[in-house]
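Visitor:
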Amino acid sequence: MDTTMLPLVTVSRDGVAELTAQPGALLPDELAKMDAYWRAANYVSVGQIYLYDNPLLREKLTLAHVKPLVVGHWGTTPGQNFIYVHLNRLIKKHDLNMFYVAGPGHGGPALVGNVYLEGTWSEVYPDVTQDEAGMKKLFKQFSFPGGISSHVAPTTPGSIHEGGELGYSLSHAFGAVFDNPDLIVACVVGDGEAETGPLATAWHSNKFLSPVTDGVVLPILHLNGYKISNPTLLARIEHDELEQFYRGCGWTPYFVEGDDPETMHQLMAQTTERVIEEIRHIHKNARNEKIAARPRWPMIILRSPKGWTGPKIVDGLQVEGTFRAHQVPLLVNEAHPDHVEQLESWMQSYRPEELFDQNGRLMPELAELAPKGDRRMGANPHANGGLLLRDLRMPDFRVHAVTVPAPGAVTAQDTLVLGEFLRDVATLNDSKRNFRIFGPDETLSNLLGAVFEVTSRQWEAREEQNDEFLAPDGRVLDSMLSEHQCEGWLEGYLLTGRHGLFNSYEAFIRIVDSMFSQHAKWLKVTLELPWRRKIASLNYLLASHVWQQDHNGFTHQDPGFLDHVINKKADIVRVYLPPDANCLLSVFDHCLRSRHYVNVVVAGKHALPQWLTIEAAVTHCTEGLGIWQWASNDQDTDPDVVMACCGDTPTLEILAAVSILREHLPELKIRVINIVDLMRLQPCSEHPHGLSETDYDSLFTIDKPIIFGFHGYPSLVHGLTYRRANRNLHVRGYKEEGTITTAFDMRVQNDLDRFHLVRDVVDHVPNLGSRGTYLKQLMADKLIEHKHYIDLHGEDLPEIRNWKWGNPA
Ligand SMILES: Cc1ncc(C[n+]2csc(CCOP(=O)(O)OP(=O)(O)O)c2C)c(N)n1
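Position in the sequence shown counted from 1, then plus 3, gives you our numbering.
#1: Closest by CA to residue 32, which one among 238, 622, 372?
#2: For ligand 1, is there any heavy atom lying closer than 6 Å to the beta carbon of residue 194?
#3: Can the beta-carbon of residue 177 be found closer than 7 Å to that of residue 220?
#4: For residue 426, which residues from the same chain have a beta carbon less than 7 Å from its beta carbon, with the 5 sequence-adjacent residues on both sides left out?
#5: Name the DSSP beta bridge partners of residue 528, please?
#6: Return yes when at least one heavy atom of ligand 1 lies under 6 Å from the C-beta of residue 231, else no.
#7: Return the bridge partner residues of residue 507 from the DSSP annotation.
#8: Residue 277 lies in the alpha helix (DSSP H); which residues open and close that run?
#9: Measuring straight from C-alpha to C-alpha, what distance separates residue 204 and residue 485?
#10: Does at least one heavy atom of ligand 1 sit under 6 Å from the Cβ of residue 570?
#11: Taking residue 660 as part of the alpha helix (DSSP H), name the residues at either end of that continuous run.
#12: Does ligand 1 have even one heavy atom less than 6 Å from the beta-carbon of residue 78?
#13: What number of angstroms, rounded off, separates the C-alpha of residue 742 from the C-alpha of residue 555?
#14: What does the Cβ neighbour count give for residue 463, buried or exposed, with the cut at 16 atoms within 10 Å?
#15: Go through its chain and collect everything with a Cβ distance to residue 404's Cβ below 6 Å, but skip five positions before and after it.
#16: Can the beta-carbon of residue 386 be found closer than 7 Å to that of residue 102?
#17: Under 6 Å: does the beta carbon of residue 109 sit that close to some heavy atom of ligand 1?
#18: Are the Cβ atoms of residue 708 and residue 736 separated by less than 7 Å?
#19: Ligand 1 and residue 260: does any heavy atom of the ligand fall closer than 6 Å to the residue's C-beta?
#20: CB residue 2 to CB residue 295, shorter than 7 Å?
#21: Which same chain residues end up closer than 6 Å to residue 433 when comparing Cβ atoms and leaving out the 5 residues on each side of it in sequence?
#22: Within the present structure, is the beta-carbon of residue 169 separated from the nearest heavy atom of ligand 1 by less than 6 Å?
#23: Look at residue 104 and residue 188 and say whether their C-beta atoms are less than 7 Å apart.
#24: Can you tell me whether residue 767 is helix, strand or coil according to DSSP?
#25: What does the Cβ neighbour count give for residue 15, buried or exposed, with the cut at 16 atoms within 10 Å?
#26: Between the beta-carbon of residue 643 and the beta-carbon of residue 664, is there less than 7 Å?
#27: What is the DSSP secondary structure of residue 443, counted as helix, strand or coil?
#28: CB of residue 209 to nearest heavy atom of ligand 1: below 6 Å?
#29: Is it a yes or a no for the stretch 570-589 touching the stretch 408-423, going by three-plus beta-carbon pairs under 8 Å?
#30: Going by C-alpha distance, which of 337, 250, 334 is nearest residue 298?
#31: What whole-angstrom Cβ distance do residue 152 and residue 111 have, given they're in contact under 8 Å?
#32: Cα separation between residue 690 and residue 159?
#33: What is the C-beta distance between residue 39 and residue 347, in whole angstroms, given that I count them as a contact (C-beta under 8 Å)?
#34: Output the distance between the C-alpha atoms of residue 313 and residue 368, rounded to the nearest integer angstrom.
#35: Do residue 238 and residue 194 have their CB atoms nearer than 7 Å?
#36: Hey, which unbroken runs of the beta strand (DSSP E) at 3 residues or more fall wholly within the stretch 662-728?
Quick look at the structure:
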């Protein structure tokens, strides 16, 4: 424990805290008001969980005043109310630009209650007035059909974080303060939440925070000792072990521990004061004195009873200070009629008559304690990031176009080309500091290294000789091998009104499947709230994909993120598989300009043939899919077969198959369709990008075989097209076969290679007769030749390596 904190409060024999001359100590009147405000917040929290009517207990409480279904989480709530009132004091006293992230977001009643008491709730939802009638509505709406969720949901003004799924609070908080040098985000971390993988690594975010160009995260570990029904680890290790843990993570922890309200108010007031002093000191050192040392930022460890001030004993069992306080500590229903009285005396213990006037409005001397206007945490504009969002300055992506004299005439590495475009985006927006690139140590590996010509990796820890591109001030955050942090930081950055992208290996983006889900849910719900402004899209660049894992193999092969993503609300998700570099440029330009989507872009980094000129690419990407006339020969008649491709590698193999078919079966009428925008395959009734039935039928025909080469798992294409008329669909894609082998052999192992595709055509196009049979035989021979060759030489056949799209007769 920091000994400088010890003499802050002295407790006299009768248990009353006595004032010391310590900074931040509360005078008796202030202490009384702070405590009353806390009681008011606790009162409205309990009211939300339980009451249907009689909000101010003006009548004797009966079962009829209680909601038929009482749900919610009490345990975390009083502690969060305690924190909120102290942060309010700090904001007012120091005119701080601060907002609140509730890690244990299940403590919805606390945040909703405080936002109501400070007046923001009624401004955003005028129907919920600050009087008895409004309080009744506030109580009733909580966890009630047609009302609000029991969590700190998007409906809660001042929140960028739902917290339903625990683990992401600190990452969100850090994302919010990057490039916001005046902002402080107070981040309450549950001690249970702190056991999750993402949260456990998030403490290290402090190695990236610049004291000059970024704001501050003030973590408050809420050590209330329990999770749902278990103790928490951090509450059951020794005090010095806990302190050392946080010091080891680079923080300076300050402890506020106890259960006596007055003592705790004094301790908290003085600790928060101390913490602000320390933050100011760090800023002064870094910003004025230009001292470059990595700061040890302060944090608070608040050890208080779970369900503090709630029922102590219920039916003979201890509740306050135990796991039993986690949700509803007191069941109030027909089966427990005596609990009505206990609920009433619990609520009366907050002395509502001292807190609310005759009309049910918070007493003016208490209302005074809340900050005003945008300084209220519920009204901080950073927590409604779309309000602050400005367009990026976008460079002309055409400057980076690959010159394509004829389809397939040149090769290029798609992400390498994109890297130059991203470099220019970083340059143009450097002064605004509103664009960042995130990645788990893969920016170079994904070939986006061009960005390091103009910026660096942000890094506050020690630097050594031979390090590359590290600097305290950079636009790239890719020096922590944590997909969770990249995702959480980026989400926090976007939610507070900025722009960015996450570059990842395709296989390992699965690590954040669930985080993506939560963000997509957040976007969906905020779309329905007119007061929430749209934010910039969450852009994923999935490179080093399944077909390009020559030195990594099976572990690195998983295109399944796409399957996960497409289940989310159609209003939100977009999936793009550009077949070449020019299409990738066009797609990414679009994604960086878009709002309120999750854009998933899959792109390769190895040299592959380039198909479209930049102008053709722009047209193709705008249409999202289209016939490649130059590869088709069905212009004057109906096709015999549709060869569809989606993804860079399937496009290559489909075109190679087409060239074999056109050489050996020149009379076969082939239509080649390339798909960039995967959601075009869905009906337009399902997705805004979906093709109409008429368009789909005319492109894909209603009965001709479609041989479809797909980047990911074939079932995804079947799922997207299951309502389409043409059921003659045969999809080849990744079927979970892989190892370290040649690029072409990967395709062979998954039947996505040209030889298998040709065989598929022969199998599904009727009446090819013996010409088909001979061609199939040739393809089988080729597959054997391929196998022998790679076993002997360790590389693909020259005819595969050197294959080029020609001009078939
Ligand atoms: C990732 C995740 N796993 C499990 C849960 C279910 N859950 C809800 S609350 C809770 C306990 C949380 O404990 P803590 O973070 O200490 O919060 P508090 O005790 O203050 O309520 C659990 C396990 C969840 N919400 N998220």
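Beta carbons: idealized from backbone N, C-alpha and C, even for Gly.
From a predicted model like this one, the values you see are computed outputs, not experimental measurements.
Guide: In short:
#1: For the purposes of this step, residue 32 is taken as the residue at position 29 of the sequence shown. It is 372 whose Cα lies nearest to the Cα of residue 32.
#2: Along the sequence shown, read from residue 1 onward, the residue named residue 194 stands at position 191. At least one heavy atom of ligand 1 is nearer than 6 Å to the Cβ of residue 194, so yes.
#3: Numbered from 1 along the sequence shown, position 174 holds the residue referred to as residue 177. Numbered from 1 along the sequence shown, position 217 holds the residue referred to as residue 220. Contact flag set, yes.
#4: Mapped onto the sequence shown, residue 426 falls at position 423. Only 453, 454, 456, 457 meet the Cβ criterion.
#5: Counting from one through the sequence shown, the residue named residue 528 turns up at place 525. None; residue 528 has no bridge partner.
#6: The residue you call residue 231 lines up with position 228 of the sequence shown. Yes, the beta carbon of residue 231 sits closer than 6 Å to at least one heavy atom of ligand 1.
#7: Walking along the sequence shown from the start, residue 507 turns up at place 504. Per DSSP, 545.
#8: Here the question's residue 277 lines up with position 274 in the sequence shown. Note, residue 277: alpha helix (DSSP H), 264-286.
#9: Along the sequence shown, one-based indexing puts residue 204 at 201. Along the sequence shown, one-based indexing puts residue 485 at 482. Computed Cα separation, rounded: 8 Å.
#10: Counted from its first residue, the sequence shown places residue 570 at position 567. No, Cβ of residue 570 sits at least 6 Å from all heavy atoms of ligand 1.
#11: Within the sequence shown, numbered from 1, the residue matching residue 660 stands at position 657. Taken as a continuous stretch (DSSP letters only), the alpha helix (DSSP H) holding residue 660 covers 651-667.
#12: If you number the sequence shown from 1, residue 78 lands on position 75. Under cutoff, so the answer is yes.
#13: Taking the first residue of the sequence shown as position 1, residue 742 is located at position 739. Taking the first residue of the sequence shown as position 1, residue 555 is located at position 552. When rounded, the distance between both Cα atoms is 8 Å.
#14: Taking the first residue of the sequence shown as 1, we reach residue 463 at position 460. It is buried - the Cβ of residue 463 has at least 16 other Cβ atoms within 10 Å.
#15: Locating residue 404 in the sequence shown gives position 401, counting from the first residue. The residues are 585, 617.
#16: As a working note, residue 386 is residue 383 in the sequence shown. As a working note, residue 102 is residue 99 in the sequence shown. Their beta carbons are under 7 Å apart, which means residue 386 touches residue 102 by this criterion.
#17: Working through the sequence shown from its first residue, we reach residue 109 at position 106. Yes, ligand 1 has a heavy atom inside 6 Å of this Cβ.
#18: Within the sequence shown, residue 708 is the residue found at index 705, counting from 1. Within the sequence shown, residue 736 is the residue found at index 733, counting from 1. Contact flag unset, no.
#19: What you label residue 260 is simply residue 257 of the sequence shown in a count that begins at 1. No, ligand 1 has no heavy atom inside 6 Å of this Cβ.
#20: Any answer about residue 2 is impossible in this case: the structure gives the chain only from 4 up to 812.
#21: Counting from 1 along the sequence shown, the entry for residue 433 is found at position 430. None.
#22: In the sequence shown, the residue the question calls residue 169 occupies position 166. Yes.
#23: Translated into positions along the sequence shown, residue 104 becomes position 101. Translated into positions along the sequence shown, residue 188 becomes position 185. Yes, Cβ-Cβ distance for residue 104 and residue 188 is below 7 Å.
#24: Against the sequence shown, residue 767 aligns to sequence position 764. Looking at residue 767 - three-state DSSP - the assignment turns out to be helix.
#25: Numbered from its first residue, the sequence shown carries residue 15 at position 12. Note that residue 15 has pLDDT 38, beneath the 50 cutoff, so the model's placement of it is unreliable and the number below is only indicative. Counting Cβ neighbours within 10 Å, residue 15 comes out exposed, since fewer than 16 surround it.
#26: Here residue 643 refers to the residue found at position 640 of the sequence shown. Here residue 664 refers to the residue found at position 661 of the sequence shown. Contact: no.
#27: Reading the sequence shown from its first residue, position 440 is the one you call residue 443. Looking at residue 443 - three-state DSSP - the assignment turns out to be coil, as it is neither helix nor strand.
#28: Locating residue 209 in the sequence shown gives position 206, where the first residue counts as 1. Not under cutoff, so the answer is no.
#29: yes
#30: As a working note, residue 298 is residue 295 in the sequence shown. When only C-alpha atoms are compared, the closest one is 250.
#31: As a working note, residue 152 is residue 149 in the sequence shown. As a working note, residue 111 is residue 108 in the sequence shown. About 7 Å; that satisfies the 8 Å criterion.
#32: Looking up residue 690 in the sequence shown gives position 687. Looking up residue 159 in the sequence shown gives position 156. Roughly 29 Å between the two C-alpha positions.
#33: As a working note, residue 39 is residue 36 in the sequence shown. As a working note, residue 347 is residue 344 in the sequence shown. With 8 Å as the limit, residue 39 and residue 347 do not qualify as a contact, their Cβ atoms being about 20 Å apart.
#34: Taking the sequence shown and counting its residues from 1, the one referred to as residue 313 is at position 310. Taking the sequence shown and counting its residues from 1, the one referred to as residue 368 is at position 365. Taking the straight line from one Cα to the other gives about 25 Å.
#35: Numbered from its first residue, the sequence shown carries residue 238 at position 235. Numbered from its first residue, the sequence shown carries residue 194 at position 191. The answer is yes: Cβ separation under 7 Å.
#36: 673-678, 709-713
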